[in-house]
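Numbering (our numbering), first residue to last: 408 to 585.
The next block holds one structure in the form of structure tokens; read it before the comments.
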């Protein structure tokens with residue numbers, strides 16, 4: 408932002424933007440006026456413990472309304488197991504994945520479109536066409552694929568996971584709420 412001529416600025420971020428915004432806020436507090444996120448997560452062990460114990464004994468942590476909305480945790484856990492394989496692959500073998508996807512337009516399209524399908528609506532997996540035309544125009548999907556293909560940026564895109572989920576990165580302590 409300083410290169411753009413802004414000494415003070417606001418940040419809004421979701422998904423990886425939430426992690427980037429939180430890091431910028433901690434590293435450059437003199438420049439960040441405020442940080443807003445639409446993806447607030449806690450990685451603290453107490454949060455994980457509360458979630459696990461709360462799924463077994465909901466009344467310890469949740470009102471009946473909250474329990475109805477968030478539980479059973481097993482539903483979320485099964486969804487997470489099914490949908491988080493990409494994260495493990497991108498965090499541990501980004502260059503293998505990236506090279507393969509950057510050499511095959513069909514492979515790249517399949518990899519990205521599967522995410523569009525299942526993350527838009529899990530029931531779309533059951534549709535023959537993945538339900539892609541329910542929510543998106545073909546041109547929108549192709550535009551997204553072409554950004555990665557034409558710029559040959561899928562490898563650096565998936566490497567982001569490895570760089571940010573490594574033990575070396577976590578050692579900085581930037582994931583801790585200040």
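Quick reminder that beta carbons are idealized off the backbone N, C-alpha and C, glycines included.
- Per DSSP, reduced to three states, the secondary structure at residue 514 is helical.
- For residue 507, the CB contacts under 7 Å within the same chain, skipping 5 residues up- and downstream, are 514 in chain order.
- Secondary structure at residue 497: helix, using DSSP grouped into helix, strand and coil.
- Taking a contact as a CB-CB distance under 8 Å, the pair residue 520 and residue 537 counts as one, their CB atoms being some 7 Å apart.
- The alpha carbon of residue 419 has as its nearest neighbour, out of 522, 528, 501, 439, the alpha carbon of 439.
- Burial check for residue 435: the Cβ neighbour count within 10 Å stays below 16, so the residue is exposed.
- The three-state secondary structure of residue 532, taken from DSSP, is helix.
- Using a 10 angstroms sphere on the CB of residue 411, the tally of other CB atoms stays under 16, which defines it as exposed.
- Residue burial annotation: residue 459 is exposed, with fewer than 16 other C-beta atoms found within 10 angstroms of its C-beta.
- DSSP places residue 560 in the coil class of the three-state scheme, outside both helix and strand.
- When secondary structure is reduced to three states using DSSP, residue 420 falls in the strand class.
- A contact between stretches requires three or more CB pairs, one per stretch, nearer than 8 Å, and the stretch 528 to 545 fails this requirement with the stretch 562 to 575.
- When secondary structure is reduced to three states using DSSP, residue 468 falls in the coil class, being assigned neither helix nor strand.
- For the 8 Å CB-CB criterion, residue 416 and residue 428 do not form a contact.
- Classified as exposed, residue 483 has fewer than 16 neighbouring CB atoms from the shown chains inside 10 Å of its CB.
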